[in-house]
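Everything on this sheet refers to the single structure shown next.
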Amino acid sequence: MAEGNTDYGLLCRLHDSPQKLEMDMITWRMVINKAMGKFLGIAGQGIPVDILKIFNSDAQCWIRIPEPDLTSVWTALSGASCSVNITAATQTVGIRVIRASRHLMGVLGPQRGEEFM
Numbered sequence: 001m002a003e004g005n006t007d008y009g010l011l012c013r014l015h016d017s018p019q020k021l022e023m024d025m026i027t028w029r030m031v032i033n034k035a036m037g038k039f040l041g042i043a044g045q046g047i048p049v050d051i052l053k054i055f056n057s058d059a060q061c062w063i064r065i066p067e068p069d070l071t072s073v074w075t076a077l078s079g080a081s082c083s084v085n086i087t088a089a090t091q092t093v094g095i096r097v098i099r100a101s102r103h104l105m106g107v108l109g110p111q112r113g114e115e116f117m
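Numbering-wise (full-length UniProt numbering), the sequence shown opens with residue 1 and increments by one.
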């Protein structure tokens with residue numbers, strides 16, 4: 001690949017805390033940036049993150065990040081938690097990476113072995 005091309009490599013399904021909060025795209029981006037800033041500092045906040053889809057019914061979102069930052073972002077978001085002001089009170093939101101893959105079907109498709117159980 002040419003040096004100018006960015007190869008997107010990680011698609012994650014992120015899950016917030018079991019409180020089932022209604023989080024919009026701005027709130028998700030803020031939570032992700034806070035988690036990356038805690039683990040990676042200002043360099044982590046500079047990593048471009050694309051939010052592809054938000055599911056408020058499951059409190060999940062899908063994100064896409066560049067290939068070179070795959071390990072750093074995955075590590076920063078695994079088990080991260082931060083406080084947000086969604087309602088009148090400040091609440092702590094935990095993030096957990098449910099699935100991650102270099103391909104869209106790795107994130108969206110069934111987990112291995114599910115069809116045989």
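Here a beta-carbon is modelled for each residue, glycine too, at the ideal position from N, C-alpha and C.
C-beta contact flag for residue i and residue j at 7 Å
| i | j | result |
| --- | --- | --- |
| residue 35 | residue 76 | yes |
| residue 93 | residue 31 | yes |
| residue 45 | residue 56 | no |
Alpha-carbon to alpha-carbon, residue j and residue i
| i | j | result |
| --- | --- | --- |
| residue 51 | residue 64 | 7 Å |
| residue 96 | residue 62 | 12 Å |
| residue 82 | residue 66 | 23 Å |
| residue 84 | residue 21 | 11 Å |
| residue 102 | residue 58 | 23 Å |
| residue 91 | residue 23 | 12 Å |
| residue 47 | residue 38 | 13 Å |
Counted within 10 angstroms of its Cβ, other Cβ atoms place residue i as buried (16 or more) or exposed
| i | result |
| --- | --- |
| residue 69 | buried |
| residue 25 | exposed |
| residue 89 | exposed |
| residue 80 | buried |
| residue 1 | Here the model assigns residue 1 a pLDDT of 41, short of 50, so the residue's position is not dependable, and the following value carries that caveat. Classification for residue 1: exposed. |
Proximal residues to residue i (C-beta, below 7 Å), its chain only, five neighbours per side dropped
| i | result |
| --- | --- |
| residue 40 | 72 and 76 |
Rounded Cβ spacing between residue i and residue j (contact assumed at less than 8 Å)
| i | j | result |
| --- | --- | --- |
| residue 54 | residue 74 | Not a contact, Cβ separation roughly 20 Å. |
Beta-carbon proximity list for residue i, same chain, < 6 Å, skipping 5 on both sides
| i | result |
| --- | --- |
| residue 78 | 97 |
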